[in-house]
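Visitor: My questions will all concern the structure given below.
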Amino acid sequence: MRLFYYRVTTNFGDHMNSWLWPRLLPDLISEKSDDTLVGIGSLIKSDLSKVPGRKIIFGTGSGYGPMPIPSEVADWRIYCVRGPLTARLLGLPTQKAIVDGAWLIDELPDLRYRERLRQGTIFLPHWTTDAYANWRQPCEHAGIDYVSPMLPGEQVLNRIAGAQLAIVESLHGAILADYYRVPWIPVATDGRILSFKWLDFCLSLNLAFRPVRLPDTDLLEQLLEQRSSDWSGALEYLPPPQEENYQSVGYATQSPANTVYRAKIKLKAAARPIRAVGLSAVQTMRSSPPFRAIFRPRAEQLAELLLKISNEPPTLSEENVRNEKLSKLSEALSHLRRDFGIS
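Position one of the sequence shown corresponds to residue 1 (full-length UniProt numbering), numbered consecutively onward.
As structure tokens, this is what we get:
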């Protein structure tokens with residue numbers, strides 16, 4: 001069975017697929033077949049129809065584009081999806097909306113939740129914020145542990161599980177914090193938030209979603225993102241997204257031709273190394289003593305904001321809701337194993 005996930009970066013949430021599924025379904029993943037397992041990530045959209053093979057959907061979300069044509073979904077095997085918004089768009093019964101597939105770590109004894117010493121606050125940004133912004137120095141000033149989402153997955157999970165509080169811009173940072181019973185506070189940078197996928201996850205656990213706005217960190221970020229800063233220095237909440245605004249997402253009138261889809265992927269791949277070199281140079285500049293000295297006043301102001309955020313009311317699902325979701329997720333995994341003849 002082929003494994004499909006977003007491989008463009010080593011973002012820990014997407015990259016979990018590379019090691020989680022081979023541990024959960026080793027025989028199935030190593031076996032050659034025409035099926036494609038679509039797992040963790042916001043992967044359900046019209047482009048998915050161009051991925052070879054019958055799709056096996058497990059704990060997957062949506063929101064990054066028009067949905068596939070209904071006729072193309074007819075032969076998919078859908079065991080569960082991230083939340084009720086994705087289920088509704090696919091015309092699925094509500095019981096298929098369980099929770100994000102990342103909670104399958106509960107099936108791995110070495111990674112599942114356990115009582116442990118917890119200390120401090122972590123800040124886990126979106127992977128694009130990690131690349132473009134400059135939150136490391138403000139975190140230093142605030143005494144907050146900056147956790148890059150590009151670190152090895154098990155290292156990120158360990159840092160989340162060992163924290164007392166998580167300030168998260170990464171959706172899978174929130175998903176794993178909730179699993180590990182770490183209270184979390186959502187934050188968002190303008191232009192980097194996809195409210196649909198956050199609301200989809202939060203609704204799956206009966207949670208509200210109201211993120212605190214993150215301002216631009218420095219002039220380099222503003223230049224890279226081509227925008228100006230309008231931050232007043234105060235703590236600001238972004239307007240909470242409303243479920244009724246996400247009752248439907250358009251379907252593709254027709255899926256993109258294979259040649260067009262492949263050309264788009266190749267073009268993005270060709271540009272990626274050039275962008276990576278440029279962003280690496282920016283981060284090297286930011287870590288230099290002269291830049292750190294110039295940035296210090298702004299870093300201290302941003303550190304103050306982080307401390308204010310850490311004192312806001314955090315989010316955490318109810319224990320009974322969590323237990324119910326884990327039970328249903330385990331049942332869905334057992335169902336998949338039975339369907340494919342795995343004991």
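All residues carry an ideal CB built from backbone N, CA and C; glycine is no exception.
All values derive from a computational prediction rather than experimental measurement.
Rounded to whole angstroms, what's the CA-CA distance from ALA252 to PRO66? Just pull it up for me.
Guide: Confidence at ALA252 is low in this model, with a pLDDT of 46, below 50, so the placement of that residue is unreliable and no value is reported for it.
Visitor: Assess contact between the segment 143–154 and the segment 5–15, defined as three or more Cβ pairs (one per stretch) separated by less than 8 angstroms. Is contact present?
Guide: Yes, the segment 143–154 is in contact with the segment 5–15.
Visitor: Do GLU225 and GLY278 have their CB atoms nearer than 8 angstroms?
Guide: In this structure, GLY278 does not lie closer than 8 angstroms to GLU225 by Cβ.
Visitor: Please give me, in chain order, every unbroken run of the alpha helix (DSSP H) with length at least 4 that falls completely inside the segment 141–174.
Guide: Taking only runs of at least 4 residues, the alpha helix (DSSP H) segments lying wholly in the segment 141–174 are 153–161.
Visitor: Check for me: the alpha helix (DSSP H) holding ILE40 runs from which residue to which?
Guide: That residue, ILE40, is in no alpha helix (DSSP H); it is neither H nor E in DSSP.
Visitor: Check each candidate in LYS328, ILE342, LEU316, SER42 and name the one with the smallest Cα separation from PRO183.
Guide: Closest by alpha carbon: LEU316.
Visitor: Inspect the CB distances between the segment 213–225 and the segment 281–291 and report whether three or more fall short of 8 angstroms.
Guide: They touch, by the three-pair rule.
Visitor: Residue range of the alpha helix (DSSP H) that LYS55 falls in?
Guide: That residue, LYS55, is in no alpha helix (DSSP H); its beta strand (DSSP E) goes 54–62.
Visitor: According to DSSP, ALA188 sits in a beta bridge with which residue or residues?
Guide: Answer is ARG213, bridged to ALA188.
Visitor: By the three-class DSSP mapping on this structure, what secondary structure does MET1 have?
Guide: In the structure shown, MET1 sits in coil (DSSP, three-state: anything other than H, G, I, E or B).
Visitor: Grab me the residues of ARG54's own chain with a C-beta within less than 6 angstroms of its C-beta, minus the 5 sequence neighbours each way, in chain order.
Guide: If we look at ARG54 and ignore the five residues flanking it on each side, its Cβ neighbours are ASP35, ASP75.
Visitor: With H, G and I counted as helix, E and B as strand and the rest as coil, what does DSSP make of ALA252?
Guide: For ALA252, the pLDDT reaches just 46, beneath the cut-off of 50, and the residue's location in the model is therefore unreliable, although a value from the coordinates is still provided. Of the three classes helix, strand and coil, the one that applies to ALA252 here is coil, per DSSP.
Visitor: Would you grab the beta carbon distance between LEU157 and LEU171 for me? Rounded to a whole angstrom, and I think it's under 8 angstroms.
Guide: The Cβ separation is near 15 angstroms, so there is no contact.
Visitor: Rounding to the nearest angstrom, what Cα-Cα distance links TYR237 and LEU28 in this structure?
Guide: Looking at the two C-alpha atoms, the distance is approximately 45 angstroms.
Visitor: Which residues in the same chain have their Cβ closer than 6 angstroms to the Cβ of ARG286, if we skip the five residues on either side of it in sequence?
Guide: Excluding positions up to five away in sequence, the list reads ASN134.
Visitor: Would you kindly check if the distance between the Cβ of GLY101 and the Cβ of ILE40 is under 8 angstroms?
Guide: Going by C-beta atoms, ILE40 is nearer than 8 angstroms to GLY101.
Visitor: Pull up the DSSP beta-bridge partners for ILE44, would you.
Guide: Answer by DSSP bridge pairing, in chain order: SER62.
Visitor: Closest by CA to residue 344, which one among ASP106, TRP19, ARG322?
Guide: There is simply no residue 344 to check, as the chain begins at 1 and stops at 343 in what is shown.
Visitor: Would you mind reading off the limits of the alpha helix (DSSP H) that contains LEU20?
Guide: Counting along the chain, the alpha helix (DSSP H) containing LEU20 begins and ends at 12–24.
Visitor: By DSSP, does TYR132 sit in helix, in strand, or in coil?
Guide: Helix at TYR132.
Visitor: Name the one or two DSSP bridge partners that PHE123 has.
Guide: PHE123 pairs with TYR146, ILE167.
Visitor: Using the DSSP secondary-structure output, state which residues sit across from ALA97 in a beta bridge.
Guide: Answer by DSSP bridge pairing, in chain order: VAL81.
Visitor: Quick check on LEU235: buried or exposed, where buried means 16 or more other Cβ atoms within 10 Å of its Cβ?
Guide: Answer is exposed; the Cβ neighbour count stays below 16.
Visitor: Examine the Cβ distances between the segment 120–137 and the segment 297–313 and report whether three or more of them are shorter than 8 angstroms.
Guide: Yes: at least three Cβ pairs fall under 8 angstroms.
Visitor: Beta-carbon within less than 8 angstroms of ALA263's beta-carbon, same chain only, minus the 5 sequence neighbours each way: which residues are those?
Guide: Confidence is the limiting factor: at ALA263 the pLDDT is only 49, short of 50, which leaves the residue's position unreliable, though a coordinate-based value still follows. So no residue of the chain qualifies.
Visitor: Just how far apart, CA to CA, sit MET16 and GLU319?
Guide: Taking the straight line from one Cα to the other gives about 24 angstroms.
Visitor: For the alpha helix (DSSP H) that ASP339 lies in, which residues bound it at each end?
Guide: Note, ASP339: alpha helix (DSSP H), 319–339.
Visitor: State yes or no: is the C-beta of SER310 within less than 8 angstroms of the C-beta of LEU165?
Guide: Yes, the pair counts as a contact, with Cβ atoms nearer than the cut-off.
Visitor: Is the Cβ-Cβ distance between LYS325 and VAL81 less than 8 angstroms?
Guide: Against a cut-off of 8 angstroms, the Cβ pair of VAL81 and LYS325 comes out as no contact.
Visitor: Rounded to whole angstroms, how far is the Cβ of PHE209 from the Cβ of PRO240, which I believe are closer than 8 angstroms?
Guide: PHE209 to PRO240, Cβ: 6 angstroms. Contact.
Visitor: Have a look at ASN245 and LEU223 and give me their C-alpha separation to the nearest angstrom.
Guide: The straight-line gap from Cα to Cα measures roughly 32 angstroms.
Visitor: Quick one: what does DSSP say ASP200 is sitting in, helix, strand or coil?
Guide: Three-state result, ASP200: helix.
Visitor: Which residues in the same chain as PRO256 place their Cβ atom closer than 6 angstroms to its Cβ, once the five residues preceding and following it in sequence are excluded?
Guide: Confidence is the limiting factor: at PRO256 the pLDDT is only 49, short of 50, which leaves the residue's position unreliable and the question unanswerable from this model.
Visitor: Under 8 angstroms Cβ to Cβ from GLU107, same chain only, skipping five residues before and after it: list those, please.
Guide: Closer than 8 angstroms at Cβ, skipping near neighbours: LEU24, SER330, LEU333.
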